[in-house]
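**Q** One structure coming up, written as structure tokens, with questions to follow.
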Amino acid sequence: MESKRETVQYQRVILDEKEYRDTHFNECELVITGRGPIRLFNCTFGSNHLGFDGPAARAIDSLTGMYAEPTFRPFVEAVFDQIKTGYSGVSKWKQ
Numbered sequence: 002m003e004s005k006r007e008t009v010q011y012q013r014v015i016l017d018e019k020e021y022r023d024t025h026f027n028e029c030e031l032v033i034t035g036r037g038p039i040r041l042f043n044c045t046f047g048s049n050h051l052g053f054d055g056p057a058a059r060a061i062d063s064l065t066g067m068y069a070e071p072t073f074r075p076f077v078e079a080v081f082d083q084i085k086t087g088y089s090g091v092s093k094w095k096q
């Protein structure tokens with residue numbers, strides 16, 4: 002039995018707190034809000050744009066502002082390194 006892949010096209014799609022399975026996204030704005038987990042299973046992607054809203058947008062704005070100041074640039078670049086190495090978000094510092 003062949004499974005049919007759903008296609009989502011020309012839409013603004015909030016990814017947080019939803020689950021997508023066997024979905025093809027094309028010409029969409031894929032939005033991360035930072036309000037919940039993102040669950041994408043066996044999905045494919047055409048030409049899309051990644052956007053941020055809510056808490057995620059505020060974090061991006063903060064990092065952008067920090068990156069503009071040369072003193073903070075190494076901290077922001079360290080965030081890129083954490084992303085590339087699979088940073089889990091777990092802090093090593095005691096609170």
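First residue of the sequence shown: 2, per our numbering; consecutive thereafter.
From the three backbone atoms N, C-alpha and C, an ideal C-beta is built for every residue, glycine too.
Quantities reported herein were computed from a predicted structural model and do not represent experimental measurements.
1. Taking Cβ positions, are Gly47 and Phe26 nearer each other than 9 Å?
2. What residues match up with Phe46 in a beta bridge as DSSP calls it?
3. Between the alpha carbons of Met2 and Asp17, how many angstroms are there, rounded?
4. Using a 10 Å radius around the Cβ and a threshold of 16 neighbouring Cβ atoms, would you call Ile100 buried or exposed?
5. Out of Lys19, Leu31 and Glu20, which one is the CA nearest neighbour of Gln10?
**A** Reading from the atomic positions:
1. Within the sequence shown, the letter at position 46 stands for residue 47. Within the sequence shown, the letter at position 25 stands for residue 26. Result yes, Cβ atoms of Gly47 and Phe26 sit closer than 9 Å.
2. For the purposes of this step, residue 46 is taken as the residue at position 45 of the sequence shown. Phe46 pairs with Phe26.
3. In the sequence shown, the residue the question calls residue 2 occupies position 1. In the sequence shown, the residue the question calls residue 17 occupies position 16. Residue confidence is low: Met2 scores 48 on pLDDT, short of 50, so the model does not pin down where it sits. No coordinate-derived value is stated.
4. Only positions 2 to 96 of the chain appear in the structure, and residue 100 is not among them; the question remains open.
5. Residue 10 sits at position 9 when you count from the first residue of the sequence shown. Nearest C-alpha to Gln10: Leu31.
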